[in-house]
Ligand code: ATP
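Encoded structure:
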């Protein structure tokens with residue numbers, strides 16, 4: 092397939108914000124593509140050259156991209172730099188300069204999707220001495236053969252700034268459109284994706300033979316998209332919903348999905364990034380304690396003093412996030428893994444099996460040892476029993492409990508009532524914190540002028556529309572260090588205009604790419620004409636009242652893990668239902 096076809100579709104997608112239109116445009120590309128090309132189109136549209144969990148990034152610094160544009164078009168580095176300063180988008184600079192080339196390339200051939208993909212992949216995996224100059228050369232060669240529109244998108248890949256506003260749900264719709272002409276295959280495609288986290292491969296299978304995706308199986312070393320917990324405000328409501336259930340401690344550490352085959356162990360984060368080198372003691376523990384040749388387990392790892400049975404605060408666990416000194420930290424403060432699920436063991440897919448059975452098998456598979464144990468829990472059938480367990484958990488320093496439906500399968504990639512969380516909440520406070528995407532910031536006034544930072548504009552995810560909606564302006568909860576950190580990180584992703592994916596009625600001083608997620612607490616949810624979360628027609632939207640940041644940039648969460656509009660609406664409903672005496 093010619094890359095010009097994909098670039099033309101991207102051009103139209105960039106100009107629209109309607110999800111249906113976007114999926115139709117992309118659907119037409121899939122329809123014309125060979126299955127293997129469709130796989131590449133999926134990765135490219137995700138801004139990647141491999142499934143995201145492989146962690147292969149095309150990243151190149153702006154200076155090197157400028158150099159490649161200069162080589163390919165004959166403009167000086169200074170001219171490229173000045174044009175970038177004026178427009179704020181190197182993609183547009185490449186488009187303009189390729190259109191007005193001072194020199195034409197020696198060998199210019201029409202670009203195919205395959206060639207663009209292969210060159211970008213080569214750029215991504217080249218490393219070591221002299222790698223920057225070979226990356227610049229490879230990018231310049233691509234630009235030599237590119238039309239202006241192709242050039243615009245080509246340079247955006249290494250900058251991770253594709254800016255199409257297309258998320259996975261839109262890609263899934265587009266695949267369904269390509270085969271069915273409508274969205275009827277969405278659920279099936281989504282299911283396959285949730286089991287293997289590789290949308291490129293799912294696209295390839297689906298477009299070659301739609302029956303193939305029914306056969307997508309859980310596989311060791313392909314992470315499964317994590318199950319998520321629903322919220323209910325009280326023990327009574329939880330028991331009404333689940334009946335007799337098991338209630339477990341909600342540990343506050345790193346969620347990890349551990350894959351094992353023989354002596355090979357890999358650890359994936361909640362965002363499904365490969366984190367194995369960060370947790371050597373857990374890798375060793377898995378080798379010693381897991382009595383299955385192949386297994387996939389899920390659990391939460393945290394700093395825990397097994398001698399006293401005390402949980403250390405999250406701050407202690409999070410120190411492991413540093414790249415250096417992992418070995419020393421692993422020796423001094425080893426983490427302990429509390430396993431709460433078993434998804435696969437020796438050829439058998441346990442995701443389809445009821446939790447009670449999964450847990451039974453887990454007890455068989457996991458041998459006793461000092462590094463790993465099974466998450467503690469208790470079966471309950473009355474609200475008073477659940478409440479008692481909840482109180483005990485809080486006394487031990489845990490953040491709450493998770494009730495689990497004993498009959499439910501593992502619902503990969505979904506927030507369902509198979510798991511229900513109940514967290515500590517105080518009078519006058521929302522029952523749970525929320526995870527918001529930063530979409531802009533305000534400049535500081537008064538005492539904050541020196542930080543040039545006066546707060547954040549934040550949004551939630553509208554899953555139905557695959558768009559972002561604003562829900563809060565956050566002006567408190569930041570330490571000086573956090574203000575500096577936020578300002579520094581956000582300045583690197585400034586935008587000249589509103590992010591494409593966002594619906595907003597308010598405007599911050601500076602827009603930023605929707606990339607970072609923070610955790611926010613609030614007093615309650617109110618109706619507000621200022622925000623677009625849940626807004627329909629003339630009706631006001633929903634907003635957080637007295638929001639404050641409780642955890643700065645969450646490296647373990649991406650935009651797609653943010654709280655959704657649907658969750659905000661449900662929390663609003665619950666807060667109206669619940670009486671103070673219930674809290
Ligand atoms: P939170 O910020 O409340 O941890 P979250 O968005 O990360 O929420 P949820 O699905 O809402 O995730 O809550 C479940 C989370 O709780 C899991 O992601 C997991 O990290 C953590 N957790 C701790 N203990 C358990 C347990 N026993 N069973 C399941 N999940 C647990």
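Numbering (the working numbering), first residue to last: 92 to 674. Glycine is no exception: its CB is placed at the ideal position from the N, C-alpha and C atoms.
Item	Value
Nearest to residue 660 by CA position, among 521, 450 and 625, is which residue?	625
Using a threshold of 9 Å, state whether the C-beta atoms of residue 497 and residue 491 are closer than that.	no
As a quick exercise: from 218, 161, 580 and 253, pick the residue whose alpha carbon is nearest that of residue 235.	161
Across the stretch 499 to 508 and the stretch 445 to 453, are there enough close Cβ pairs to call them in contact, namely three or more that are closer than 8 Å?	yes
What's the call for residue 186, buried or exposed, on a 16-neighbour Cβ count within 10 Å?	buried
What is the residue span of the alpha helix (DSSP H) that residue 476 lies within?	474 to 486
What separation, rounded to the nearest whole angstrom, lies between the Cα atoms of residue 467 and residue 339?	6 Å
What is the DSSP secondary structure of residue 565, counted as helix, strand or coil?	strand
Please classify residue 368 as buried or exposed, where buried requires at least 16 other C-beta atoms within 10 Å of its C-beta.	exposed
What is the C-beta distance between residue 156 and residue 181, in whole angstroms, given that I count them as a contact (C-beta under 8 Å)?	6 Å
Checking the sheet assignment: what are the DSSP bridge partners for residue 663?	Paired residues: none, contrary to the question.
What is the rounded straight-line gap between the Cα of residue 219 and the Cα of residue 133?	28 Å
Closer than 6 Å by C-beta to residue 670: which residues in its own chain qualify, once you throw out the five before and the five after it? Chain order, please.	Low local confidence applies: a pLDDT of 44 at residue 670 is under 50, so the model's placement there is unreliable, and no value is given.
Inspect the CB distances between the stretch 597 to 615 and the stretch 519 to 537 and report whether three or more fall short of 8 Å.	yes
Would you mind working out which of 584, 120, 214 and 388 sits nearest residue 440, comparing C-alpha positions?	388
What residue from 588, 597, 401 and 402 has the CA that sits closest to residue 178's CA?	588
Mind checking whether the beta-carbon of residue 477 lies closer than 8 Å to any heavy atom of the ligand ATP?	no
On the criterion of 16 or more Cβ atoms from any shown chain inside 10 Å, does residue 314 qualify as buried, or is it exposed?	buried
Buried or exposed: which applies to residue 176, given that a residue is buried once 16 or more other Cβ atoms fall within 10 Å of its Cβ?	exposed
Using the Cα positions of residue 302 and residue 115, report the straight-line distance between them to the nearest angstrom.	22 Å
So who's on the other strand from residue 549, going by DSSP bridges?	529 and 563
Only counting runs of 4 or more residues, tell me where the alpha helix (DSSP H) segments fall wholly within the stretch 241 to 275, in order along the chain.	259 to 271
Counting Cβ pairs, one atom from each stretch, are 3 or more of them under 8 Å apart for the stretch 341 to 348 and the stretch 525 to 533?	no
What I want to know is whether the C-beta of residue 186 ends up closer than 8 Å to one or more non-hydrogen atoms of the ligand ATP.	no
Would you give the residue range spanned by the beta strand (DSSP E) that residue 642 belongs to?	639 to 642
Three or more beta-carbon pairs under 8 Å between the stretch 111 to 129 and the stretch 224 to 238, yes or no?	no
If distances are taken between C-alpha atoms only, which option among 324, 312 and 278 comes closest to residue 304?	278
Rounded to whole angstroms, what's the CA-CA distance from residue 493 to residue 184? Just pull it up for me.	51 Å
Quick check: what's the CA-CA separation for residue 254 versus residue 266?	20 Å
Give me, in chain order, the residues of the same chain whose beta-carbon lies closer than 7 Å to that of residue 241; leave out the 5 immediate sequence neighbours on both sides.	94, 95, 98 and 202
For my contact list, residue 164 and residue 204 are in at a C-beta cut-off of 8 Å; report their separation, rounded to the angstrom.	Not confirmed; about 23 Å, so no contact.
Using the rule of at least 16 other Cβ atoms within 10 Å of the residue's Cβ for burial, across every protein chain shown, is residue 427 buried or exposed?	buried
Short check: CB of residue 539 to CB of residue 638, under 9 Å?	no
Exposed or buried, residue 382, counting other C-beta atoms within 10 Å across all chains shown (16 or more means buried)?	exposed
Thinking just about the alpha-carbon of each residue, which of 435, 380 and 378 is nearest to the one in residue 386?	435
For a quick check, are the C-beta atoms of residue 603 and residue 469 less than 9 Å apart?	no
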